[in-house]
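Visitor:
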Amino acid sequence: MARMTIDCRTMPSETGCTLTISGEEEEVLRAAAAHAVDVHGHTDGEELRSGLRQALTRGAPFEVGPGAFVQLIEFRTQRPEEFTATEEAWAEAIGPDRTARWAITAEDRNHRGDHVQIVGFDDYDSAMANSKHPATARFAEKLRAVSEGDPVFHDLDVRRATAF
């Protein structure tokens with residue numbers, strides 16, 4: 103089931119509430135309704151839940167800020183489906199030991215076959231714990247196998263993040 107998110111910052115509010123709730127749709131709706139009643143003084147009912155359903159977005163929120171750590175991986179492949187399968191196998195293999203919080207994988211529109219993956223961590227230490235895990239070592243080997251040439255890794259300390 104798809105992960106859903108609701109963010110109070112997207113709703114009209116006199117309090118300036120910044121709470122974000124993420125999970126499966128029904129649990130997010132339950133928690134959001136309870137929050138709307140308890141914190142914002144709304145009355146639970148179909149009207150409230152209908153409005154909350156309309157505010158749901160697909161996907162989990164991710165944030166990055168000073169102190170966080172980002173790894174950028176550049177690689178070239180004509181087999182992106184194999185990369186995706188490799189990434190999904192890694193996520194299953196590492197399970198709850200995963201310290202990566204989010205990832206974006208993109209292909210360069212002007213240079214087809216050139217890809218980047220940006221992976222976010224809470225901090226450098228959690229990234230290193232992730233890197234040392236045997237599942238990550240297997241992922242890196244498989245990434246090399248589907249890539250044309252060696253992937254290039256950039257280790258980046260986040261100094262500033264700005265949302266627009």
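Using my numbering, the first residue of the sequence shown is number 103, and each one after it goes up by one.
Just so you know, even glycine gets a beta-carbon here, dropped at the ideal spot from N, CA and C.
Considering only residues of the same chain and omitting the five flanking positions on each side of H256, which have a CB-CB separation below 6 Å?
Guide: Around H256: L174.
Visitor: How is the alpha helix (DSSP H) around V248 delimited, first residue to last?
Guide: First-last of the alpha helix (DSSP H) with V248: P236 to V248.
Visitor: Can you tell me the Cα-Cα spacing of R262 and I206, whole angstroms?
Guide: Cα to Cα, R262 sits roughly 18 Å from I206.
Visitor: Measuring alpha carbon to alpha carbon, tell me which residue in G143, E149, D146 and G153 is nearest D109.
Guide: Of G143, E149, D146 and G153, the residue nearest in Cα terms is G153.
Visitor: Specify, as a first and last residue, the run of the alpha helix (DSSP H) that R178 falls within.
Guide: From DSSP, R178 is part of no alpha helix (DSSP H) but of the beta strand (DSSP E) over F171 to R178.
Visitor: Using 8 Å as the cut-off, can you tell me whether the stretch 244 to 252 makes contact with the stretch 185 to 197, which would need three or more C-beta pairs spanning the two stretches below that distance?
Guide: Taking 8 Å as the limit for Cβ pairs, the verdict is that the stretch 185 to 197 does touch the stretch 244 to 252.
Visitor: Tell me the DSSP bridge mates of I293?
Guide: Only positions 103 to 266 of the chain appear in the structure, and residue 293 is not among them; the question remains open.
Visitor: On the three-state DSSP scale, how would you describe E209?
Guide: Correct three-state label for E209: strand.
Visitor: Using the beta-carbon count (16 or more within 10 Å), is G197 buried or exposed?
Guide: With fewer than 16 Cβ atoms within 10 Å of its Cβ, G197 is classed as exposed.
Visitor: Measure how close the beta-carbons of F223 and A202 come, nearest whole angstrom, since I'm counting them as under 8 Å.
Guide: The Cβ separation is near 6 Å, so the contact holds.
Visitor: Sorted by chain position, which residues of the same chain lie with C-beta nearer than 7 Å to G161's C-beta, five sequence neighbours on each side aside?
Guide: Once the five neighbours on either side are set aside, the close Cβ partners of G161 are R105 and T107.
Visitor: Compute the distance between the beta-carbons of T179 and E250, then report whether it is under 8 Å.
Guide: It is a contact, given that the beta carbons lie within the stated cut-off.
Visitor: Rounding to the nearest angstrom, what Cα-Cα distance links L131 and H213 in this structure?
Guide: Near 42 Å, if we compare the C-alpha coordinates of H213 and L131.
Visitor: Could you compute how far the alpha carbon of F185 sits from the alpha carbon of R155?
Guide: Whole-angstrom Cα-Cα distance: 34 Å.
Visitor: Go to G153, then tell me how far its alpha helix (DSSP H) extends in each direction, as first and last residue.
Guide: Looking at the DSSP string, the run of the alpha helix (DSSP H) that includes G153 is E148 to A157.
Visitor: Any idea what DSSP makes of H144, helix, strand or coil?
Guide: Three-state result, H144: coil.
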